[in-house]
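Enquirer: Each residue of the sequence shown is one higher than the one before, starting from 51 at the first, in the working numbering.
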Amino acid sequence: MFKNIINGIKAYFGTFKLISKLGLWKYFAIPILISVVTGILIMVLAYFFSDNLGAFIAKIWIWKWGSETFATISTYIGGLLILVLGLVLYKHIVMALSAPFMSPVSEKIEHHLLGNTQHEHRKTSFSEQLSRGIRINMRNLFKELLFMIPLVILSFIPVVGIIATILIFLIQAYYVGFGNMDYTMERHFNYKESVQFVRKHRGIAIGNGAVFVIMLFIPIIGFIITLPISVVAASSETIKILEEKKLISIKDTSESLQKIKE
Numbered sequence: 051m052f053k054n055i056i057n058g059i060k061a062y063f064g065t066f067k068l069i070s071k072l073g074l075w076k077y078f079a080i081p082i083l084i085s086v087v088t089g090i091l092i093m094v095l096a097y098f099f100s101d102n103l104g105a106f107i108a109k110i111w112i113w114k115w116g117s118e119t120f121a122t123i124s125t126y127i128g129g130l131l132i133l134v135l136g137l138v139l140y141k142h143i144v145m146a147l148s149a150p151f152m153s154p155v156s157e158k159i160e161h162h163l164l165g166n167t168q169h170e171h172r173k174t175s176f177s178e179q180l181s182r183g184i185r186i187n188m189r190n191l192f193k194e195l196l197f198m199i200p201l202v203i204l205s206f207i208p209v210v211g212i213i214a215t216i217l218i219f220l221i222q223a224y225y226v227g228f229g230n231m232d233y234t235m236e237r238h239f240n241y242k243e244s245v246q247f248v249r250k251h252r253g254i255a256i257g258n259g260a261v262f263v264i265m266l267f268i269p270i271i272g273f274i275i276t277l278p279i280s281v282v283a284a285s286s287e288t289i290k291i292l293e294e295k296k297l298i299s300i301k302d303t304s305e306s307l308q309k310i311k312e
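1. Go ahead and label Lys290 buried or exposed: buried means 16 or more other beta carbons lie within 10 angstroms of its beta carbon, across all protein chains shown.
2. From which residue to which residue does the alpha helix (DSSP H) around Thr276 run?
3. DSSP on Gly183, reduced to helix/strand/coil?
4. Just confirm the distance between the C-beta atoms of Tyr225 and Glu194, as a whole number of angstroms; I'd bet it's less than 8 Å.
5. Given a threshold of 16 other Cβ atoms within 10 Å of its Cβ, counted over all protein chains shown, does Gly128 qualify as buried or as exposed?
6. Tell me which same chain residues have a C-beta within less than 7 Å of the C-beta of Asn54, skipping the five on either side of it?
7. Between Tyr97, Met93, Ser117, Val138, which has its C-alpha nearest Ile221's C-alpha?
8. Closest to Phe106 by C-alpha separation, out of Ser205, Ile123, Leu164, would be which residue?
9. Indicate the three-state DSSP secondary structure (helix, strand or coil) for Glu236 in the structure shown.
10. If you run the structure through DSSP and keep just helix, strand and coil, what is Gln308?
11. Count the other CB atoms, across all protein chains shown, that sit within 10 Å of the CB of Ile279; report buried if there are 16 or more and exposed otherwise.
12. What is the rounded straight-line gap between the Cα of Met231 and the Cα of Ser285?
13. Would you decide whether Tyr65 is buried or exposed? Buried here means 16 or more other CB atoms lie within 10 Å of its CB.
14. When the Cα atoms are used, what is the spatial distance from Leu292 to Thr174?
15. Since I believe Val263 is in contact with Ala214 (beta carbons under 8 Å), could you give me their beta-carbon distance rounded to a whole number of angstroms?
16. Cβ of Leu277 within 8 Å of Cβ of Ser148?
17. Using the three-state DSSP reduction, which class does Leu74 fall into: helix, strand or coil?
18. Roughly how many whole angstroms lie between the Cα atoms of Ile111 and Met265?
19. Helix, strand or coil, according to DSSP, for Lys109 in the structure here?
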């Protein structure tokens with residue numbers, strides 16, 4: 051799996067060049083707008099509600115001594131919890147609403163890498179792509195929160211918190227990568243088949259999602275460029291796997307493989 055994680059990360063190299071070559075920037079206008087607006091909204095919520103959540107957490111401390119110090123710490127904890135939850139929600143909201151715009155991007159990349167294919171793609175409409183995006187990301191959101199909530203609590207325990215924090219990062223990365231890979235799988239697999247495919251190639255999902263999550267911490271720029279390059283990276287690597295597994299039938303294998311390697 052470690053090798054696949056590295057491959058998922060390496061897929062990011064050359065993404066800007068590929069986006070420019072295929073003229074894909076125009077497809078990212080609305081998704082970038084969705085990303086920026088969602089990101090700003092979450093930061094505003096974290097700023098305004100951290101005090102309220104902090105005050106609620108501070109009630110746990112029933113003693114008078116140290117109450118002011120604990121109240122101050124609770125405010126920071128409240129803000130951190132909102133940011134963590136906001137980051138989880140942000141990813142799935144953006145990926146779900148961007149699905150109809152990302153599917154054409156993935157298809158153009160597939161056509162560029164493999165040329166004319168003999169494989170009959172599943173034909174889906176804008177609404178069907180949006181519906182699938184929402185379904186996939188709702189499923190992933192529920193699964194992610196199921197693991198995240200106990201891990202966030204454990205993260206405040208010394209030593210154990212280090213392991214919990216690492217697991218939180220890997221879980222977030224996995225489900226982000228899942229969403230990015232599904233823009234390609236949507237044309238080839240149904241819902242259940244996509245879930246099985248990602249489980250078999252979870253390393254690719256983690257590698258792709260790891261870069262996504264890290265880039266979100268780059269002020270402003272993170273909300274603008276993260277989604278476009280992560281989708282291109284995930285699409286390129288997913289298409290490569292599909293071709294290697296003979297799940298995509300192509301006319302000129304040697305030429306297509308050369309394009310993939312480039």
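Where a beta carbon is used, it is the ideal one built from N, C-alpha and C, also for glycine.
Expert: According to the structure shown:
1. Residue numbering aside, residue 290 sits at position 240 when the sequence shown is read from its first letter. A residue is called buried when at least 16 other Cβ atoms come within 10 angstroms of its Cβ; Lys290 meets this threshold and is buried.
2. Along the sequence shown, one-based indexing puts residue 276 at 226. Secondary structure note for Thr276: its alpha helix (DSSP H) is the uninterrupted segment 271-294.
3. Position 133 of the sequence shown, counted from the first residue, corresponds to residue 183. Correct three-state label for Gly183: helix.
4. For the purposes of this step, residue 225 is taken as the residue at position 175 of the sequence shown. For the purposes of this step, residue 194 is taken as the residue at position 144 of the sequence shown. Your pair Tyr225 and Glu194 checks out as a contact, with CB atoms roughly 5 Å apart and the cut at 8 Å.
5. If you number the sequence shown from 1, residue 128 lands on position 78. Buried is the call here.
6. Start at 1 with the first residue of the sequence shown, and residue 54 comes out as number 4. Cβ neighbours of Asn54 beyond the five flanking positions: His251, Gly253, Ile254, Gly257.
7. Position 171 of the sequence shown, counted from the first residue, corresponds to residue 221. Per the Cα distances, Val138.
8. What you label residue 106 is simply residue 56 of the sequence shown in a count that begins at 1. Ile123 is the residue among Ser205, Ile123, Leu164 whose C-alpha sits nearest the C-alpha of Phe106.
9. Along the sequence shown, one-based indexing puts residue 236 at 186. Note: Glu236 maps to coil in three-state DSSP.
10. Numbered from 1 along the sequence shown, position 258 holds the residue referred to as residue 308. Residue placement at Gln308 is poorly supported in this model, since its pLDDT is 48, which falls under 50; the coordinates still yield a value, given next. Residue state, collapsed to three classes: helix.
11. Locating residue 279 in the sequence shown gives position 229, counting from the first residue. By the neighbour-count rule (16 or more Cβ atoms within 10 Å), Ile279 is buried.
12. Position 181 of the sequence shown, counting from 1, holds the residue named residue 231. Position 235 of the sequence shown, counting from 1, holds the residue named residue 285. Cα atoms of Met231 and Ser285: separation of roughly 6 Å, rounded to the nearest angstrom.
13. Sequence index remark: in the sequence shown, residue 65 carries index 15 (1-based). Residue identity differs from the one stated: residue 65 is Thr in this sequence, not Tyr. Classification of Thr65: buried, given that the 10 Å Cβ count is 16 or more.
14. Taking the first residue of the sequence shown as 1, we reach residue 292 at position 242. Taking the first residue of the sequence shown as 1, we reach residue 174 at position 124. Within the model, the alpha-carbon separation for Leu292 versus Thr174 is close to 19 Å.
15. Taking the first residue of the sequence shown as position 1, residue 214 is located at position 164. Taking the first residue of the sequence shown as position 1, residue 263 is located at position 213. The beta-carbon distance between Ala214 and Val263, rounded to whole angstroms, is 16 Å. This is too long to meet the 8 Å contact definition.
16. Locating residue 277 in the sequence shown gives position 227, counting from the first residue. Locating residue 148 in the sequence shown gives position 98, counting from the first residue. Yes; because the gap between Cβ atoms is below 8 Å, this pair is in contact.
17. In the sequence shown, residue 74 corresponds to position 24, counting from 1. In this structure, Leu74 counts as coil in the three-state DSSP scheme.
18. Counting from 1 along the sequence shown, the entry for residue 111 is found at position 61. Counting from 1 along the sequence shown, the entry for residue 265 is found at position 215. The amino acid occupying residue 111 in the given sequence is Trp; Ile does not appear at that position. Roughly 36 Å separates the two Cα atoms.
19. Taking the sequence shown and counting its residues from 1, the one referred to as residue 109 is at position 59. Three-state result, Lys109: coil.
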